[in-house]
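Participant: Residue numbers (the working numbering), protein chains in the order written: chain E, 4 to 105; chain C, 6 to 176. Backbone N, C-alpha and C fix where the C-beta goes; we use that ideal spot for every residue, glycine too. Before we start, here is the structure in question, set down as structure tokens.
See the structure below:
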């Protein structure tokens, strides 16, 4: 897009990605960690769309569609894992899952 | 068009900042939905209407509903009604409502003042995206469908309730 400089769009995407990264690092609740991973994936897709809009090509949007697909698959498996983990340990604290003995 | 982009980006950053600082999962989810909606508006101002629609439908719709279901399933029964009463207080939904109102004003502005037209230069139509998707990226589309199938099977397998005595080494 000509009217919005690509730098500003990429800065926004970088800020969103950094916020998601901080969320993953700071929060200990696995549900919030999954939410933060969604934020990071969304920011990466935003960067793709911005770059695609810069050169007026469809490839950026195609890449965003693939990121969307991957996010959907990842969330379904991740939430099923969280439910199963909660069923086993009765907590969502990520530090409580340090014993991978099944 | 520039002002709309910057306001939507500011709303996105604010809402995301509030997502990672909330202690209640449902509150964080509300802010995340607002953040995704504002990112959809950013997509629209960048000339990507197809992706903006998909962001609202798939991300803010389907994936967030998945999260909501998981939170509801995880929610424990005895304190649920008392928690529900606290959630209905205005202080809870005031923040997301304000941010969503900003987005709604921007949307109305886009529809009325700008006539609903896309930014003329550099807009990528859904038609071009579809042609690219089923032309050079056809193999990737097939791989994505297999990924979704794997996700479906994996979620079904993991989501089963395992009997306490029947659980083997597979889980």
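On the criterion of 16 or more Cβ atoms from any shown chain inside 10 Å, does residue 166 of chain C qualify as buried, or is it exposed?
Facilitator: Counting Cβ neighbours within 10 Å, residue 166 of chain C comes out exposed, since fewer than 16 surround it.
Participant: Strictly below 9 Å CB to CB, what residues from chain C border residue 12 of chain E?
Facilitator: In chain order: 10, 14, 47 and 51.
Participant: Going by C-alpha to C-alpha distance, which of E:40, E:80 and E:49 sits closest to residue 65 of chain E?
Facilitator: When each option's Cα is compared against that of residue 65 of chain E, the closest is E:49.
Participant: On the CB-based measure, 16 or more other CB atoms within 10 Å of its CB, does residue 78 of chain E come out buried or exposed?
Facilitator: Residue 78 of chain E should be labelled buried.
Participant: Within the 8 Å Cβ cut-off, does residue 39 of chain C reach chain E?
Facilitator: It does not: the Cβ of residue 39 of chain C has no partner Cβ on chain E nearer than 8 Å.
Participant: Per DSSP, what kind of secondary structure is residue 62 of chain E in: helix, strand or coil?
Facilitator: In this structure, residue 62 of chain E counts as helix in the three-state DSSP scheme.
Participant: At the 8 Å Cβ level, is residue 18 of chain C part of the contact set with chain E, yes or no?
Facilitator: It does; some Cβ of chain E falls within 8 Å.
Participant: Spatial neighbours of residue 106 of chain E within its chain, please: CB distance less than 6 Å, with the 5 preceding and 5 following residues excluded, ordered by chain position.
Facilitator: Because chain E in this structure spans residues 4 to 105, residue 106 of chain E falls outside the shown range and cannot be described.
Participant: Quick check on DSSP: helix, strand or coil for residue 32 of chain E?
Facilitator: It is a strand residue.
Participant: Opposite residue 96 of chain E in the DSSP bridges: which residues?
Facilitator: Partner(s): E:32.
Participant: Consider the Cβ of residue 33 of chain E: report whether some Cβ of chain C lies at a distance smaller than 8 Å.
Facilitator: No, residue 33 of chain E lies away from the interface with chain C (no Cβ there is under 8 Å from its Cβ).
Participant: How would you write the range of the alpha helix (DSSP H) that residue 14 of chain C sits in, first residue to last?
Facilitator: Unbroken alpha helix (DSSP H) run through residue 14 of chain C: 7-24.
Participant: Between the segment 148-157 of chain C and the segment 73-89 of chain E, are three or more C-beta pairs nearer than 8 Å?
Facilitator: At 8 Å Cβ cutoff, the stretches touch.
Participant: Return the first residue and the last residue of the alpha helix (DSSP H) that residue 133 of chain C is part of.
Facilitator: 131-138 is the span of the alpha helix (DSSP H), which, as asked, contains residue 133 of chain C.
Participant: Closer than 7 Å by C-beta to residue 22 of chain E: which residues in its own chain qualify, once you throw out the five before and the five after it? Chain order, please.
Facilitator: Once the five neighbours on either side are set aside, the close Cβ partners of residue 22 of chain E are 42.
Participant: Could you tell me the distance, in whole angstroms, from the CA atom of residue 141 of chain C to the CA atom of residue 73 of chain E?
Facilitator: Distance between the alpha carbons of residue 141 of chain C and residue 73 of chain E is about 19 Å.
Participant: Going by the CB atoms, is the gap between residue 134 of chain C and residue 75 of chain E shorter than 8 Å?
Facilitator: Going by C-beta atoms, residue 75 of chain E is not nearer than 8 Å to residue 134 of chain C.
Participant: Between residue 164 of chain C and chain E, is there a C-beta pair that is closer than 8 Å?
Facilitator: Residue 164 of chain C counts as touching chain E.
Participant: Answer yes or no: does any C-beta atom of chain C fall closer than 8 Å to that of residue 96 of chain E?
Facilitator: Taking Cβ atoms only, chain C never reaches closer than 8 Å to residue 96 of chain E, which makes this a no.
Participant: Within 8 Å of any Cβ in chain E, is that where the Cβ of residue 176 of chain C sits?
Facilitator: For residue 176 of chain C, the predicted model reports a pLDDT of 45, less than 50, meaning its position is unreliable and no value from the coordinates is stated.
Participant: Should the segment 70-80 of chain C be called in touch with the segment 17-26 of chain C, which here means at least 3 C-beta pairs below 8 Å?
Facilitator: In short, these stretches do not touch, since the Cβ pair count stays below three.
Participant: How would you list, in chain order, the residues of chain C whose beta-carbon sits under 8 Å from the beta-carbon of residue 100 of chain E?
Facilitator: Going along chain C, no residue has its Cβ under 8 Å from residue 100 of chain E, so there is no contact; the nearest lies around 13 Å.
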